[in-house]
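**Q** Once you know that position 116 of the sequence shown is 116 in the UniProt record's numbering, the rest is easy, because the numbers rise by one and skip nothing. Just passing along the structure, written as C-alpha cells.
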Amino acid sequence: MNILLELFVVTFRVLWAFVLAAAKWLVRPKEKSVAGQVCLITGAGSGLGRLFALEFARRRALLVLWDINTQSNEETAGMVRHIYREMAEAAAAALPRAAGDGEKDALPHCNLQVYTYTCDVGKRENVYSTAERVRKEVGEVSVLVNNAGVVSGHHLLECPDELIERTMMVNCHAHFWTTKAFLPKMLEMNHGHIVTVASSLGLFSTAGVEDYCASKFGAVGFHESLSHELKAAEKDGIKTTLVCPYLVDTGMFRGCRIRKEIEPFLPPLKPEYCVKQAMRAILTDQPMICTPRLMYMVTFMKSILPFEAVVCMYRFLGADKCMYPFIAQRKQATNNNEAKNGI
C-alpha cells in the first residue's frame, strides 16, 4: 500500500479510536459475564485481593485463591462460600415462582466452588507447581488477576538487599511466572483475561520507596508489552486490563501523608471504591483504569513538564516526602519488635 494512503488510514483509525473512547464515556458499555469461568486471584487473603474475590463471586465466577497466608486465604474463601450460599438460596426460591409464571428458561443455580492454595508467588517453582495443581484439580484459568504485592518500607540505603529482591519478585517477577503458567491455554482457546494490579507509583514516583516504584514500573512495562504481543499475534479474544490506583486505604502505606491543605481533595481511596471501579473496567474490557481520574492528568503532566517543574509541583502538594511518615512508622515498629524479642 502507498505509504501516504496508509498514513491516511492510520490517521482515520486513530481519530476513530478517540471517538469510540468518548462514546464509552457517554454510554456505559455492557458488562460481560464471567459466570462459571475459572478466576484466579493472587494475594487473595486480604486487601484488594479479598475484595476482588468477593466481587467475582457475586458474578458467579469459580474462584481460585492464592495467598502466602493460609489462614487469611481461608477466611476469604469462607466469605466467598457465604456469597455462593446466598445466591443459591435466592435462585432456589426463584425457581418455583419462575415455573409458576411459565418461564421455560428457569434454570437451577450452577454449582459454584472456591479453591484455596497456599503459594508464595515470589518463588518461581512454587508458582509453577501450584499452577499445575490448579489445572489438574480445577481446570484451565480464564481470568488471571495478578494482585499480590508487598512493600519494604525502608529508605534505599537502609533497606536490606533481601527485602529489595523480595519486593521485585512478588510485585513484578511473579507476573511473569503466573502468566507463563496460564497464558498457553488462553492462546490455544483465544479466550481469557489478564489483569495487572499495579499502582499509580508505576506511572510516576516519589522519594523513599525506590524498590516499590521500580517493581510497579516493571509490572506496568510487562503488562503493556504483553498487551502489544497479544495484539501482534491477533489474539483479540484475550483481554488485558491494567489497574493503577492512587493510595488505597488498606493499611499497606499507613502513615503516608500529603500536604494537609490538599489531603481533603485527594484522600486515600476506599478499597471498596477502588475495586468497584476496577471491576467495571475488567468487565467492559477496558485496557487501563486509573483511580481517581486525576491520575491520568498527573501522568500526562509528568511526561511533558521539565523535571524541575515536576519537583516544584511535588513540593507544593507535599508529595515529595509523603512516604517519610510511613517509613518512620515502619522503622519504629521494627525497633519495637526487636526490643520485644530481646534482639
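Quick reminder that beta carbons are idealized off the backbone N, C-alpha and C, glycines included.
Could you tell me if Ser215 is buried or exposed, where buried requires 16 or more neighbouring beta carbons within 10 angstroms of its beta carbon?
**A** So Ser215 counts as buried.
**Q** Indicate whether Thr76 and Ala35 have their beta-carbon atoms separated by less than 8 angstroms.
**A** No.
**Q** Alpha carbon to alpha carbon, how far is His191 from Gly251?
**A** The alpha-carbon atoms of His191 and Gly251 are separated by roughly 35 angstroms.
**Q** Keeping to the same chain, check which residues put their C-beta closer than 7 angstroms to that of Ala57; ignore five residues upstream and five downstream.
**A** Cβ within range, chain order: Leu63, Val80, Ile83 and Tyr84.
**Q** Measuring alpha carbon to alpha carbon, tell me which of His154, Glu55 and Met169 ends up nearest Arg124.
**A** For the residues His154, Glu55 and Met169, the minimum Cα distance to Arg124 belongs to Met169.
**Q** With H, G and I counted as helix, E and B as strand and the rest as coil, what does DSSP make of Met288?
**A** DSSP places Met288 in strand when its eight states are reduced to three.
**Q** Put Lys321 into one of helix, strand or coil per three-state DSSP.
**A** If DSSP states are grouped into helix, strand and coil, Lys321 belongs with coil.
**Q** Strictly by DSSP, which residues pair up with Gly192?
**A** In the DSSP output, where bridge partners are listed per residue, Gly192 has Ile238.
**Q** For Thr178 versus Thr42, is the C-beta spacing smaller than 8 angstroms?
**A** Yes, they are a contact pair.
**Q** Can you find the residues in the same chain that come closer than 7 angstroms, C-beta to C-beta, to Arg259, ignoring five residues on each side of it along the sequence?
**A** Counting only Cβ-Cβ distances below 7 angstroms, and skipping sequence neighbours, we find Leu317 and Gly318.
**Q** Could you compute how far the alpha carbon of His193 sits from the alpha carbon of Val10?
**A** Roughly 27 angstroms separates the two Cα atoms.
**Q** Mapping the DSSP letters down to three states, classify Thr42 as helix, strand or coil.
**A** Strand, per DSSP.
**Q** Can you tell which of Glu6, Ala233 and Pro271 has the C-alpha that lies nearest to the C-alpha of Leu183?
**A** Minimum Cα distance to Leu183 is reached at Ala233.
**Q** To test your reading of the DSSP string, which unbroken alpha helix (DSSP H) runs of 4 or more residues are found completely within the stretch 140-206?
**A** With a minimum length of 4 residues, the continuous alpha helix (DSSP H) runs that stay inside the stretch 140-206 are 161-168 and 174-189.
**Q** Span of the alpha helix (DSSP H) holding Thr299?
**A** Thr299 -> alpha helix (DSSP H) spans Leu294 to Ile304.
**Q** Answer with buried or exposed for Lys104, where buried requires no fewer than 16 other C-beta atoms within 10 angstroms of its C-beta.
**A** Low confidence applies here, because Lys104 scores a pLDDT of 46, under 50, leaving its location unreliable; read the following figure in that light. Under this definition Lys104 is an exposed residue.
**Q** List the whole-angstrom C-beta distance separating Val243 from Val197, where the pair is believed to meet the contact cut-off of C-beta under 8 angstroms.
**A** At roughly 5 angstroms, the Cβ-Cβ gap stays under 8 angstroms, so Val243 and Val197 are in contact.
**Q** Met323: buried (16+ other C-beta within 10 angstroms of its C-beta) or exposed?
**A** Result: buried.
**Q** Taking C-alpha atoms, which residue in Gln71, Gln113 and Glu210 lies nearest to Asp161?
**A** Asp161 has its Cα closest to that of Glu210, out of Gln71, Gln113 and Glu210.
**Q** Rounded to a whole number of angstroms, what is the C-alpha to C-alpha distance between Pro287 and Val195?
**A** C-alpha separation (whole angstroms): 9 angstroms.
**Q** Does any heavy atom of the ligand NAP sit closer than 7 angstroms to the C-beta of Ala278?
**A** Within the structure as shown, the ligand NAP is missing, as the structure has no ligands at all.
**Q** Cutting at 8 angstroms between CB atoms, please list the residues of its own chain near Asp320, excluding the five before and the five after it.
**A** For Asp320, where only same-chain residues beyond five positions count, the Cβ hits under 8 angstroms are Thr206, Ala207, Val311 and Tyr314.
**Q** Going by CA-CA distance only, name the one from His154, Ile238 and Arg293 that's closest to Phe265.
**A** Among His154, Ile238 and Arg293, the Cα nearest to that of Phe265 belongs to Arg293.
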